[in-house]
Structures are given as C-alpha cells and as structure tokens.
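Engineer:
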Amino acid sequence: MVALGLMALYGALLCALLTIVVGVIAGRGGNAALGKITERALMAMAYCVFLAVAVLQYELITLNFTLSYVAEHTSSTLNVFYRVGSMWAGQGGSLMLWALVLSLGSLWTLHRDRVAQLEMSPYTWTIFATVAGMFVAFIAFLSSPFEKAPPGTTEGMGLNPLLQNPLQLIHPIALYGGYVLYTIPFAVIMGQLLAGKVEGPWTSFARTWNILSWTLLTIGIILGARWAYAELGWGGYWGWDPVENASLIPWLAGTAALHTGLTYREPRRLRLTSVAILVSTFNLCLFGTFLTRSGVIQSVHAFATSNLGAYLGVSVAGIALASAAILVWRMPEMQFEDPNARGQGWLSQKILTVLMLSMTIAVLWGTIFPLFARAFKGQEIAVTPGFFKVVVTPLAVLVLVLFAISPLLPGQSLRNRKSEIMLRSISFIGVFIGVFGITKFQHPNVALVFAIVSLALFSILSKAIPRVSEALKDEKSPLLSAAQASSPFIAHIGLIVMLTAITLNVSYQSHGQEKLTLNQTKQIGTQLIRLDAVQSEAFADRKSYTATVSLMKTDAIADATIVAKLDQYNNAEQLQAEVGIHTSLTRDIYVVVDEIDAKPGQEYALLSVYDNPAVIWLWIGGILIALGGALYALQSVLRSRTTNHPRTKTVSLNSRQRTQLGIGVVLILISLAYVAGRATSSQRLGADASMGKPNAAPSPSQTALDRIKVASLEKRIAQDPKDSVSIRELGNAYFTSGDFASSLKYFRMVTQVTPSDDSAWIAVGAAAFN
3 MVALGLMALY
13 GALLCALLTI
23 VVGVIAGRGG
33 NAALGKITER
43 ALMAMAYCVF
53 LAVAVLQYEL
63 ITLNFTLSYV
73 AEHTSSTLNV
83 FYRVGSMWAG
93 QGGSLMLWAL
103 VLSLGSLWTL
113 HRDRVAQLEM
123 SPYTWTIFAT
133 VAGMFVAFIA
143 FLSSPFEKAP
153 PGTTEGMGLN
163 PLLQNPLQLI
173 HPIALYGGYV
183 LYTIPFAVIM
193 GQLLAGKVEG
203 PWTSFARTWN
213 ILSWTLLTIG
223 IILGARWAYA
233 ELGWGGYWGW
243 DPVENASLIP
253 WLAGTAALHT
263 GLTYREPRRL
273 RLTSVAILVS
283 TFNLCLFGTF
293 LTRSGVIQSV
303 HAFATSNLGA
313 YLGVSVAGIA
323 LASAAILVWR
333 MPEMQFEDPN
343 ARGQGWLSQK
353 ILTVLMLSMT
363 IAVLWGTIFP
373 LFARAFKGQE
383 IAVTPGFFKV
393 VVTPLAVLVL
403 VLFAISPLLP
413 GQSLRNRKSE
423 IMLRSISFIG
433 VFIGVFGITK
443 FQHPNVALVF
453 AIVSLALFSI
463 LSKAIPRVSE
473 ALKDEKSPLL
483 SAAQASSPFI
493 AHIGLIVMLT
503 AITLNVSYQS
513 HGQEKLTLNQ
523 TKQIGTQLIR
533 LDAVQSEAFA
543 DRKSYTATVS
553 LMKTDAIADA
563 TIVAKLDQYN
573 NAEQLQAEVG
583 IHTSLTRDIY
593 VVVDEIDAKP
603 GQEYALLSVY
613 DNPAVIWLWI
623 GGILIALGGA
633 LYALQSVLRS
643 RTTNHPRTKT
653 VSLNSRQRTQ
663 LGIGVVLILI
673 SLAYVAGRAT
683 SSQRLGADAS
693 MGKPNAAPSP
703 SQTALDRIKV
713 ASLEKRIAQD
723 PKDSVSIREL
733 GNAYFTSGDF
743 ASSLKYFRMV
753 TQVTPSDDSA
763 WIAVGAAAFN
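In the numbering used here, the protein residues as written are 3 to 772.
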C-alpha cells in the first residue's frame, strides 16, 4: 500500500507537469484537442491525489507504525476519529489536505465549465496544475508522509493532546478550504486574463467561489478561536499570534474584495480594483501558509522548522510576482471606476473597502515586523497584542460608525415610504440607548460602542426589513428570495454582535487564582467558589485529575457545578489542562486547574477562575457572519447570473430625512463627549482618593496603585535618570492602575533614553490611545 501511495504522488506530479505544458501550448495555439488533453490531465492529477490520500488514511487507521508519519502522530490508544484527523496533525499530511481540497475544487470547476459553458481558457487549468503541482512536489520530495520509521517501531507517540478535541476534526478542513478554494477565482481570473478575456459567463462563477471561500475561511477562524478558548487555558480566544493573524489577514482582504464587486453589470467586464484585491487575497493565503510552515516565526500553532521554508518562500514570491505581472499586462483591457456604474451604497462600499484594507495592512505589518527587525537590525523583537489593539480597534469602531451613518451617505436609498418612520425611530432609539449605556457602564468606550451599535443596528434593519418584505412576495420561491435578500444584512448584524461582545469582554473580564482544600469556599475574582471533589483516574494513554467545583450564590447555596481537569499524557512531558466552562447568556465562568493533589487527606486544587462577559454572543455573531456568507453563496449558485426576486422602486433620502438622522447622530456624539469628560474627571477624582481622599472606587478592570512600589521606583529614577528598566516599570504600574496620562509620561521617557526600543513606542501608543 505504501508503494501505491508513493506511485500516486509521483503520478499526480507528472500529470500536473503534463497539464502545465499542454495547457500553455493549447492556450497559445487555440487547439481544442490539446485543450481536452489538458482537462483530462488535470482530472488524472486529482484522481492520483485522491488515491494518495486514501492510502495515507488507510495506514493511519490501521496503525502501520512502519511509517514514520503514523508513528509520530498516532498510537494504539487513539480512537479512529482522531486517527483520521491525525492526517493534518503534521507537515506532510496537512499538505496532503491542501492538495486534496484543491483537487476537489479543480474537478468541480471542470464540471461546471462543461455543464454551464463557462468558456474557460486552457490557461486556467494550467494555473490549477501549477499551484497543485507545487504542493504535490513539496510532499513528494521534502515532506513525504510515506517515509519509513526506524526498524523495530511497534508503537506510536500519539496525537498531540492539544489536538485531541472534536473541533480539530473540523477546524483545519474549514480553514484549509477557505485558503485553498481561493485558488478557484484566482485561477479562473488569471487564466482568462492570460487568454485576453476580461468578460464572459465565467465571471459569475469566480464571484461565487470568492464568496464561498470567504465563508469557509470565516468558519475556520471562528472554530479556531473556539478551540483556543477551550484548549489553551488562558481565558481568551484570540491572542494576536502570528499564525492566527495569518488567517485573519486574507479574511480582511477577502472581505474588502466582497464589497468591491468583481464586475460591472453591463457589460460584465472585470473591475481592476476588485481583481487586484482578490488576487492579493489568494497570495496572502499562500503567504499565511509560508508563515505557518517555514518556521520563521515563533507560534504555538506553527509547525516545526523544516527545509520546506525556503522552497515555499521562493514559490510564494514567484506566484505573487507572476500574478502582479499579469495584472499590469492586462490592466489597459480591464475597467477602472465607471461613474455611470455607481449603484446603491457605492460610497459606503468604498469606505468599507478602505477600512478593511487598512486593517489588512496593519495586521500584516505587525505580523511580519519581527522578520524585518531580525533581517535588518539583527534583533529579536516581538510585537505585543497591545500594538494590534491600538491600531485595529479604531478601524473596527469606524466600521460600526459606517454602518450607523450609511443612510446619510450619497448613493443610499430606502425601499419604501415607511422609511421616514424608521428613520425617526433610529434617531430617538439610538440616542436613548446611547444615554442608557453611558449611565449604566463605567467605561466610556463601552458607552460609545453601544451608542454606535444601536444606531448601526437600526440603520441595517431600516434597509433589511423592506427588502425582505418585498422578496417574500416572489411567487416562485419566496423563502429562497428572502434568504438571498437578507444574507448581507445577517452577516453585518453578526459583525455588530461580535464586535459588541468583544468590547464587553475586553472591558469587563476579570480573573483570580486561589488554592482551595476539599470543601473549602473562597472568593476567586468575582466568583464565590467551593471545591466539592478531587479525583484521579488512570486511562490507557493518560492519568486524569478532576476537580469538581460549585459556583456559590451564598456560602450554603450552589448556583452551578463545573468540572475541570488536569491530564498527564504518557507521551507528553507537560500537564494538559481541560478547562471547565459554565456558559450563560451574559457570561462564561471559566475554570482552569493549575495544580492538583488527589491523595486522601491532602486533597487540594490551585484554581484560576475567569469571569468572561458576553462570550456566547461572540460565537453567535460568528455564526451569523458565516450564515450570511453561506446564504449569499447559495443564491449565487442557484441564480448564477440574474436575481429573480422582485426589485422594488427605491426612494432616496430627502433632505428632511437626512436632517432627522443627522440630528440623532449629533445628539449621540454630544452626549458621549459630555460623559467622556465627566468620566475623565471621575478618574482624576479616583486618583486623588487613592492618595488618601475618600470615595475612591477603582474600576473593575484596573488594579490599585502600589504606592510603596511607586516610591521605590521614583527613588531609583532620581538616582539614575537613565534607568530605563525602572522607568518602564513605573509606567506599567500607572498603566495597570488606569492612570494613562502618567503612564504615557514615563513611557515617553523610556523612548528618550532608548529611542530604538520598539516595544516602548508601542507602549506609548497604547497609553495615548487609552
């Protein structure tokens, strides 16, 4: 069987080379017979990849420990589902998953070309084969999963404990699906451009796969965040890790591509801006793969350093340069912006595109900056999560603002005469919710987000409700028409829900750590916790320690029970925490066992308890975003060229309506400015109170200022004004206490003492932003 797998790999590589050579000849000469050979060679390549994957899966499921890959990622104690999933646990197998998904995509494109007469060029099949052949070559020559294990290997090392989670059976498939299937619109567009075609029925097909790829990438990112939340045990879901960013960067670019529109309606000619963004999205997918697999960055998600990095880097750079050259070559034949083609919402779409691209560039720069620092300065400089928060947060808020004010922008229109009532509701309800948020929340940033979110939500509903109502009047398929009409609004509402949840979570998260003995009750953070039981149990692959705790309403009344574990796997040196989570509509109580002893009479557990507000709404928001994308992709598939649901006559906003909504926005901003000023005054009063004056009320997200430590640090600085370590420590003390003005002062002093200290400049930005 192993020999069959190797033969299939080499067969796939030969078929890819044949597709490339014959495809180029067929494209240049317009030979239909050679075009058919190109298609069949691509099909043969896909079937060879299927065979190689089937062989590898057989070896993994049957535990053939004579293969190094099987011995490294499985064991006899591993259940069959994780044996299947172990294929993408290592370098070679995950590349096989890449090749598998790409082969499926190429076969589907071939099928649709034949059925729907999409008029694909042979160059399209050449590009498919080039990308697939690149990965097959990496598998065959650099990272083969069919290499032999050392003689005498009779047992495997087992699967990484972190990957023994059901989400890891789905998350990589969705994420790789998003990455890989961006090849379809890329190959279609590049192939047609090489053939000199800038319009045709294939444009709708490319747009559909742009949407579907983005949807799969969305699902992959959400599942990955959920896995990190459940498995890594640090209480969070997104750490701005380079590999996490590697998936977010193409998602942001893909979102921009979705909002530019691939073609103009009449004629359906390619839009240069959209094509450039879409091609960049595909190249960013490849770049993310390079970051993950090359070993050039440090990440908890990255694969180990291998000789694949240099070859992959050169290949990614080559594809990026080639695609850029094709775009420049065909630029005169594509269409720039056409003022006559402006449809509804053209200005808001342009602004949203700029914001998404700005976030793409910001996250990309923060992710690759350590590489530049290492190359040009010879220093290992890590970009902290604070940099991304400082840069991305304002842009995300601007996206919400755009949703809120979009009815005021040129090019917008509403669907019926009820819009005037809706606009008045938006104005008054927006102000009401904004003021309510200001009075109820201690953080001005939360009040700001709630005010904007309320206005954004009602602005979206003012457009969505009339459109869906009209779609339901479609006599042929009212439900499908309603689904496709509502899909973009569902995605936008999902984004609003997610950003709101993140704001609440970041602003109000709290945690604490305490050691509890059996039946002891203690206050840990915001929660009253009782340790009810400590147990240990031996399994074939691990020893598991379990702590059962109760969330207490009072010392005698329990509200809920949470079970958290600490596992010692036979093949792992470190203990693996299995967190316990109690979820409600308002918050998650997240319990991690840091230490535990189950010996009779000595039972105790060291517990970390996190109070995570609104986390469930983050997942709900992600589901809504993915659902919106899926519905839009479905309507694109079923109604590929035209939209069958009725279009109603649009009514543009008149000046009176714009004035009403504008007054609502202005009132919200004025009220927020007023409360922000009061909040600043309150902070100063709080600082005075902490120095001995009464009525000090520290914010729930801040820690009290350690005056003894501050005095000691100030004494050191007085003795040595260039003691950057003490100056930075003093700035950190003020920052964590919420005195951002003082922290800014000391962080700036650090930059004056050591101007080349990049982390100090980032700290200055964080303090200034707060």
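Virtual Cβ for every residue (Gly too), placed ideally from N, Cα, C.
Nothing here was measured: the structure is a model prediction, and the numbers come from that model.
#1: With a 10 Å radius around its C-beta and 16 neighbouring C-beta atoms as the bar for buried, classify Lys478 as buried or exposed.
#2: Look up His584 in the DSSP assignment and give the residues it is bridged to.
#3: Please confirm whether Ser408 and Ser350 have their CB atoms less than 8 Å apart.
#4: Below 8 Å, how does it come out for the segment 310-324 and the segment 366-373: are there three or more Cβ pairs, yes or no?
#5: So what does DSSP say about Gly527, is it helix, strand or coil?
#6: Would you give the residue range spanned by the alpha helix (DSSP H) that Ser96 belongs to?
#7: State the DSSP-derived secondary structure class of Ala500, mapped to helix, strand or coil.
#8: Does the beta-carbon distance from Ala151 to Leu69 come in below 8 Å?
#9: Please report the straight-line C-alpha distance between Ile39 and Thr21, rounded to a whole angstrom.
#10: For Phe148, which of Ala607, Val72, Asp569 has the nearest alpha-carbon?
#11: Nearest to Gln637 by CA position, among Pro372, Gly623, Phe389, Ala487, is which residue?
#12: Below 8 Å on the Cβ atoms is my guess for Leu254 versus Met122; work out the distance and round it to an integer in Å.
#13: Grab the span of the alpha helix (DSSP H) containing Pro396 for me, first residue to last.
#14: Quick check on DSSP: helix, strand or coil for Leu8?
#15: Measure the C-alpha to C-alpha separation of Glu716 and Ser745 and round it to an integer number of angstroms.
#16: Among all the DSSP beta bridges, which residues are the ones paired with Ile564?
#17: Could you work out which residue in Thr294, Gln93, Gly256 is closest to Ser282 when comparing CA atoms only?
#18: Excluding the 5 residues flanking Gly95 on each side, which residues of the same chain have their C-beta closer than 6 Å to its C-beta?
#19: Would you identify the three-state DSSP class for Pro615, choosing helix, strand or coil?
#20: Alpha carbons only, please: which of Tyr178, Val752, Ala720, Ala743 is nearest the one belonging to Glu731?
#21: Would you kindly check if the distance between the Cβ of Leu112 and the Cβ of Met45 is under 8 Å?
#22: Just to confirm the assignment: which complete alpha helix (DSSP H) runs, minimum length 4, are found wholly within the segment 65-95?
#23: Return the first residue and the last residue of the beta strand (DSSP E) that Glu516 is part of.
#24: Classify Val536 as helix, strand or coil using the three-state DSSP reduction.
#25: Measure the Cβ-Cβ separation of Ala278 and Leu214 and say whether it is below 8 Å.
#26: Can you give me the C-alpha to C-alpha distance between Asn614 and Gly237, rounded to a whole angstrom?
#27: Among Gln754, Val712, Ile625, which has the Cα closest to the Cα of Phe737?
#28: Between the alpha carbons of Thr548 and Tyr239, how many angstroms are there, rounded?
#29: Does any C-beta atom of chain C lie closer than 8 Å to the C-beta of Phe207?
#30: Quick one: Cα of Tyr634 to Cα of Val356, how far?
#31: Going along the chain, which residues of its own chain have a beta-carbon closer than 6 Å to the beta-carbon of Ala230, five neighbours each way excluded?
#32: When we look at the beta-carbon of Gln119 and count the other beta-carbons within 10 Å, is it buried (16 or more) or exposed?
#33: Pairs of beta-carbons, one from the segment 208-228 and one from the segment 176-185, closer than 8 Å: are there three or more?
#34: If you compare alpha carbons, which of Leu15, Leu36, Leu16, Ile719 is closest to Gly25?
#35: Taking the alpha helix (DSSP H) that Ile383 belongs to, which residues open and close that run?
#36: Does DSSP put Ala377 in a helix, a strand or coil?
Structural biologist: Walking through what the data contain:
#1: exposed
#2: DSSP, once it has assigned bridges, lists Ile591 as partnering His584.
#3: yes
#4: Result no; under three Cβ-Cβ pairs closer than 8 Å.
#5: coil
#6: 93-118
#7: One point to set straight first is that residue 500 is Met, not Ala, in the sequence displayed. If DSSP states are grouped into helix, strand and coil, Met500 belongs with the helices.
#8: Contact annotation: Ala151 and Leu69 have beta-carbon atoms nearer than 8 Å.
#9: 8 Å
#10: Val72
#11: Comparing alpha carbon positions, the residue from Pro372, Gly623, Phe389, Ala487 closest to Gln637 is Ala487.
#12: Actually they do not touch by this definition, with Cβ atoms about 29 Å apart.
#13: Taken as a continuous stretch (DSSP letters only), the alpha helix (DSSP H) holding Pro396 covers 387-407.
#14: helix
#15: 13 Å
#16: Val551
#17: Gly256
#18: Met89, Pro147
#19: strand
#20: Among Tyr178, Val752, Ala720, Ala743, the Cα nearest to that of Glu731 belongs to Val752.
#21: yes
#22: 70-75, 82-87
#23: Here the beta strand (DSSP E) through Glu516 covers 512-519.
#24: In the structure shown, Val536 falls within a strand segment according to DSSP collapsed to helix, strand and coil.
#25: no
#26: Cα to Cα, the separation comes out at about 8 Å.
#27: Val712
#28: Using only the alpha carbons, I get a separation of about 23 Å.
#29: Given the protein chain composition of this structure (a single chain), no chain C is represented.
#30: If you take the alpha carbons of Tyr634 and Val356, they lie about 22 Å apart.
#31: Tyr239
#32: exposed
#33: yes
#34: Leu36
#35: Per DSSP, Ile383 belongs to no alpha helix (DSSP H) and is neither H nor E.
#36: The three-state secondary structure of Ala377, taken from DSSP, is helix.
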